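What follows is a set of notes on a single structure, which appears directly below.
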Amino acid sequence: MKMDVLLGLQWGDEGKGKIVDVLAPEYEIVARFQGGPNAGHTLEFDGIKHVLHQIPSGIFRSQILNIIGNGVVLDPIVLKREIDGLGKFSIDYMKNLVISKKATIIIPTHKLLDAASEKSKGDKKIGSTLKGIGPTYQDKIGRTALRVGDILSPDFKEKYEALVAKHKTTLSFYSHPLDELPAMEEQFFAAVEFFKTLNLIDSEYVVNEALDSKKRILAEGAQGSLLDVDFGSYPFVTSSSTMAAGACTGLGVAPSKIGEVFGIFKAYCTRVGSGPFPTELFDQDGEDMRKEGNEFGSTTGRPRRCGWLDLPALRYSIMINGVTQLFMMKGDVLNIFEQIKVCTHYELPSGERIDKLSFEITEQEVSPVYKTMKGWNCSLENIHSYDSFPTELKDYVEYLETELNVPIKLVSVGPDRTQTIIR
Ligand code: GDP
Ligand code: IMO
Ligand code: MG
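So, in structure tokens, the structure goes:
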């Protein structure tokens, strides 16, 4: 059996949480492989809206085992809050949630370091969610991090103090205040005590043994390919490998065991935080898109920057991930437009047209070249099959499919589980 991977192809917030929840009944395991509480994955069903940050989006399906893999950076305080928030849903998290002992722990000083680093950058800041992601992955790669398994060790407190002492040196370099630290530490250690009671395991064995016994696994990505630390618009990226290959290292699964790669994209583009965004709209269309799509961050509440779909960027993401099926999200948000634009190329100031995301692209001033299509300009509320889509929406889907050379197998027309059209 092979593991399927589901990931965002843009700058995050494509609707991954919704689709993992929709697909979950076809799987036995859902596993997160990277990122941490910077993610906000929204699920809507039975009139309930719930945002998950670190817990995989299969948690509302009682038959699913949810795994937080080794590639994740985990904040015990956020995890405790998330589990407490699930209380009203009668979820048996001792049965349905397991956590890799090799996942990395976010400690309070990581969050202070994140804030200090961002502050020092002034208007060149990344626009981090300030959840401590960058500093924690730095410690992981620098071989100084604490891992989940460490909390069970009798000398955890000593290891913790040694890391904090190191962080304090850097924080003093930034002249960053430490006033909040005692209260944060109190919360942290209370959460660690709770954390010790959870199912902490060597998840790479669970995942591989499940595949050997023909169980179906869906790996759930966080963020998006254009925020990938290698291939995103560096340095305006997150600190993990958000692409399909990240599912291998983040769960301990061999590349030969990857099956379908589901690439999720919005019918337009959004981005939170700083960095290049060639098709960003600063006009009324951008405002309307934000309002109609309710484009405000699930984790930070920040307004998301909005713009038309960017084909060169999408093609790039499809290439580096080996996407086998595309899922188009938030089609309904474009209902309001009489005309819809799609960026087919970028134009350099010299007039030269390019359609590749080269190393230089983050520094270059590029203007998008658009193809304009007629909008469908009607509600999709009562549409339950592809056949009953308005012609203009079918034209849009089929045009993208031809341009991207990968089938669009699912179109989402609303936030609820049920507002999902499978082709
Ligand atoms: P994720 O991080 O990729 O899981 O996405 P987020 O949850 O951060 O953001 C996606 C937002 O769009 C959430 O508020 C979802 O409820 C909502 N959403 C998902 N699919 C659709 C859709 O097809 N139409 C509309 N209007 N909203 C959607
Ligand atoms: P989901 O999983 C959208 C962005 C931040 C910032 C950059 C770096 O919900 O799609 P970080 O906190 O990682 O240091 O921030 O990445 N970012 C996201 N944007 N969706 C996310 O996750 C994101 N996670 C991080 O806004 O620009
Ligand atoms: Mg999100």
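Residue numbering for the sequence shown follows the working numbering, beginning at 1 and increasing consecutively.
Glycine included, C-beta positions come from ideal geometry on N, C-alpha and C.
A quick note: this is a predicted structure, and the numbers were derived from the prediction, not measured.
Contacts around residue i, its chain only, beta-carbon distance under 7 Å, and the 5 residues preceding and following it disregarded
i: R290; result: P303, R304, C306
i: G414; result: D332
i: G259; result: K2, M3, D4
i: F156; result: D150
i: G375; result: L334, F337, E338, Q339, I340, E392
Coarse secondary structure for residue i, derived from DSSP in three states
i: K356; result: coil
i: T300; result: coil
i: A39; result: coil
i: L146; result: coil
i: I408; result: strand
i: R305; result: strand
i: H345; result: strand
i: C378; result: coil
i: H384; result: coil
i: V323; result: coil
i: Q63; result: coil
i: F337; result: coil
i: E260; result: strand
i: A31; result: strand
i: E392; result: helix
i: M373; result: strand
i: V98; result: strand
i: E14; result: coil
i: E220; result: strand
i: G8; result: strand
i: L198; result: coil
i: P56; result: coil
i: H176; result: coil
i: D230; result: coil
Any non-hydrogen atom of the ligand IMO closer than 6 Å to residue i Cβ
i: Q223; result: yes
i: D75; result: no
i: D230; result: no
i: G36; result: no
i: T362; result: no
i: T129; result: yes
i: V78; result: no
i: I126; result: yes
i: T104; result: no
i: V5; result: no
i: G132; result: no
i: L9; result: no
i: S307; result: First, the residue type needs correcting, since residue 307 is Gly and not Ser in the sequence shown. It does not: the Cβ of G307 is nowhere closer than 6 Å to a heavy atom of the ligand IMO.
beta-carbon residue i near the ligand GDP non-hydrogen atom, thresh 6 Å
i: K257; result: no
i: G301; result: no
i: M329; result: yes
i: P415; result: yes
i: G17; result: yes
i: E44; result: yes
i: V333; result: yes
i: S153; result: no
i: S412; result: yes
Rounded distance between the beta-carbons of residue j and residue i, thought under 8 Å
i: Y268; j: W308; result: 6 Å
i: L200; j: I99; result: 5 Å
i: L6; j: L218; result: 6 Å
i: I91; j: I59; result: 6 Å
i: Y370; j: C343; result: 6 Å
i: S434; j: M329; result: This structure does not reach residue 434, given that the chain is present from 1 up to 423, and the question cannot be answered.
i: S298; j: V51; result: 5 Å
i: K409; j: F327; result: 7 Å
i: M373; j: I336; result: The Cβ separation is near 15 Å, so there is no contact.
i: G69; j: S225; result: With a Cβ gap of about 18 Å, G69 and S225 do not count as contacting.
i: Q364; j: L348; result: 6 Å
Contacts around residue i, its chain only, beta-carbon distance under 6 Å, and the 5 residues preceding and following it disregarded
i: N377; result: E338
i: V192; result: P76, I151
i: T136; result: V73, T104, I106, H110
i: T266; result: The sequence given here has Lys at residue 266, not Thr. So the qualifying residues of the chain are E14, M329, K330.
Same chain only: Cβ atoms within 8 Å of residue i, ignoring 5 sequence neighbours per side
i: F277; result: W11, C269, R271, R305, G307
i: S241; result: Q34, G71, D228, V229, D230, T249, G250
i: L211; result: M1, K2, M3, I217, V253, K257
i: K214; result: M1
i: D288; result: I336, F337
Residue i CB to nearest heavy atom of the ligand MG below 6 Å
i: D13; result: yes
i: S298; result: yes
i: G40; result: yes
heavy atom of the ligand SAH below 6 Å from residue i C-beta
i: S90; result: Here the bound small molecules are the ligand GDP, the ligand IMO and the ligand MG; the ligand SAH is not part of this structure.
task: Pair every Cβ in the region 180–199 with every Cβ in the region 226–243, then say whether three or more of these pairs are closer than 8 Å.
output: no
query: Do the region 269–287 and the region 232–242 make contact, defined as three or more Cβ pairs closer than 8 Å?
result: yes
Segment contact, 8 Å Cβ cut-off, at least three pairs: the region 129–142 with the region 112–121: yes
- request: Inspect the CB distances between the region 14–28 and the region 40–55 and report whether three or more fall short of 8 Å.
  value: yes
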